[in-house]
Amino acid sequence: AQKVTQAQTEISVVEKEDVTLDCVYETRDTTYYLFWYKQPPSGELVFLIRRNSFDEQNEISGRYSWNFQKSTSSFNFTITASQVVDSAVYFCAPLRPGSARQLTFGSGTQLTVLP
Amino acid sequence: DTEVTQTPKHLVMGMTNKKSLKCEQHMGHRAMYWYKQKAKKPPELMFVYSYEKLSINESVPSRFSPECPNSSLLNLHLHALQPEDSALYLCASSPRQGPNQPQHFGDGTRLSIL
C-alpha cells in the first residue's frame with residue numbers, strides 16, 4: 001500500500017535560518033508522482049512542485065530546493081534563508097496507486113518562522 | 001488571490017438546513033475536485049468530476065450531493081449534516097484528471113454545523 005510519512009509535526013526556526021522538511025514514502029509502483037503543497041493560514045493549498053519517479057535531479061526554485069532520492073524513498077524540501085511568510089503547513093503528497101491515481105496527502109508539517 | 005473561487009467563505013448552518021457550496025474556475029480546466037479538511041489534518045478527497053461527469057466518489061455520505069452544471073462550476077449541496085461535518089471544504093481544479101496534473105485550490109469554505 002502507498003504511504004507517506006512526514007515525521008516532523010511542527011518545526012520552529014528563526015528568520016534567515018535554513019530548514020528542511022522531510023518526506024518518506026512507500027510505493028510498489030515503478031512509475032509515480034510526488035507533490036509538495038503549502039497551506040498558509042488563509043487556507044488555500046498552493047502547489048509547489050511535482051516530481052516523477054524517472055527524474056531524480058534535484059530542483060531549485062529561488063529559496064526552495066527539493067532533494068529526491070529513490071534509494072531512500074525520500075523527497076525532502078529545504079527552504080533557505082527562511083522568512084516569516086514561509087510560515088505554513090507543508091504537505092507532501094504522493095499519488096495514490098490504482099486507477100484513481102489521486103493525491104493522498106501526508107499529515108503535514110507546521111512550519112513557524114519567528115522574526 | 002486564487003484562480004479558483006469558492007463561496008461562501010464561511011457558513012454556519014443547523015442540522016436540518018439545506019445549503020450549497022459553490023466553486024468556480026475560468027482556467028479551462030476539465031477536472032474539478034472537492035476535499036474535506038478537519039482541523040490539523042490533511043485534506044481528504046471527496047469527489048472528482050472529469051468533463052462534467054462524476055468520476056470518483058470516495059464513499060461520501062449521501063447528505064453531500066455534488067453537481068457540475070458546466071465546465072466552470074462545481075457545487076456541493078448539503079442537507080441534514082451532522083456536527084462532525086464541520087470542516088474546511090476545499091475545491092480544486094486541474095487541466096485534466098491525470099497523474100501528472102497539479103491541482104489549483106480555492107481558499108475553501110469554513111463550515112460549522114450547529
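Each protein sequence line maps, in turn, to chains P and W.
As numbered in this note's numbering, residues 1 to 115 make up the first sequence, in order.
As numbered in this note's numbering, residues 1 to 114 make up the second sequence, in order.
Built from N, CA and C at the ideal position, the CB exists for glycine as well.
> If you measure from the CB of I56/W, is any heavy atom of the ligand ATP nearer than 6 Å?
Replying inline: No copy of the ligand ATP occurs in the structure displayed, which carries no ligand at all.
Open item on the list: For L111/P, list the residues DSSP reports as bridge partners.
Closed with: Along the first sequence, read from residue 1 onward, the residue named residue 111/P stands at position 111. Paired residue(s): I11/P, A88/P.
message = Just to make sure I have the definition right: I need the residues of chain P whose C-beta is within less than 8 Å of the C-beta of H104/W. Which are they?
response = As a first step, residue 104/W is located in the second sequence; it is residue number 104 there, counting from the start. Correct list: F47.
Which residue from E52/W, K40/W, W34/W puts its Cα closest to that of M46/W? The residue you call residue 46/W lines up with position 46 of the second sequence. Out of E52/W, K40/W, W34/W, W34/W has the C-alpha closest to the C-alpha of M46/W.
If we cut at 7 Å on Cβ distances, does P99/W have a partner in chain P? If you number the second sequence from 1, residue 99/W lands on position 99. P99/W counts as touching chain P.
Check for me: the beta strand (DSSP E) holding L95/P runs from which residue to which?
Residue numbering aside, residue 95/P sits at position 95 when the first sequence is read from its first letter. For L95/P, no beta strand (DSSP E) run applies, since DSSP gives it neither H nor E.
**Asked** From this set, P115/P, N58/P, Q69/P, S107/P, which residue's C-alpha is nearest V85/P's C-alpha?
**Response** Taking the first sequence and counting its residues from 1, one reaches residue 85/P at position 85. Here the closest residue by C-alpha is P115/P.
Practice task
Examine chain P for any beta-carbon lying closer than 7 Å to the beta-carbon of L45/W, and answer yes or no.
Solution key: As a first step, residue 45/W is located in the second sequence; it is residue number 45 there, counting from the start. Closer than 7 Å to some Cβ of chain P, the Cβ of L45/W qualifies, so yes.
message = Could you compute how far the alpha carbon of N100/W sits from the alpha carbon of I49/P?
response = The residue given as residue 100/W occupies position 100 in the second sequence. The residue given as residue 49/P occupies position 49 in the first sequence. Rounded to whole angstroms, N100/W to I49/P spans 11 Å at the Cα level.
Q. Residues in its own chain within less than 6 Å of F105/P by CB, not counting five upstream and five downstream?
A. What you label residue 105/P is simply residue 105 of the first sequence in a count that begins at 1. Hits under 6 Å: F91, A93.
Return the bridge partner residues of M27/W from the DSSP annotation. Here the question's residue 27/W lines up with position 27 in the second sequence. None; M27/W has no bridge partner.
Original post:
Buried or exposed: which applies to V4/W, given that a residue is buried once 16 or more other Cβ atoms fall within 10 Å of its Cβ?
Top reply: By one-based count along the second sequence, residue 4/W stands at place 4. Label assigned to V4/W: buried.
Rounding to the nearest angstrom, what Cα-Cα distance links H79/W and Y37/P in this structure?
Walking along the second sequence from the start, residue 79/W turns up at place 79. Walking along the first sequence from the start, residue 37/P turns up at place 37. When rounded, the distance between both Cα atoms is 31 Å.
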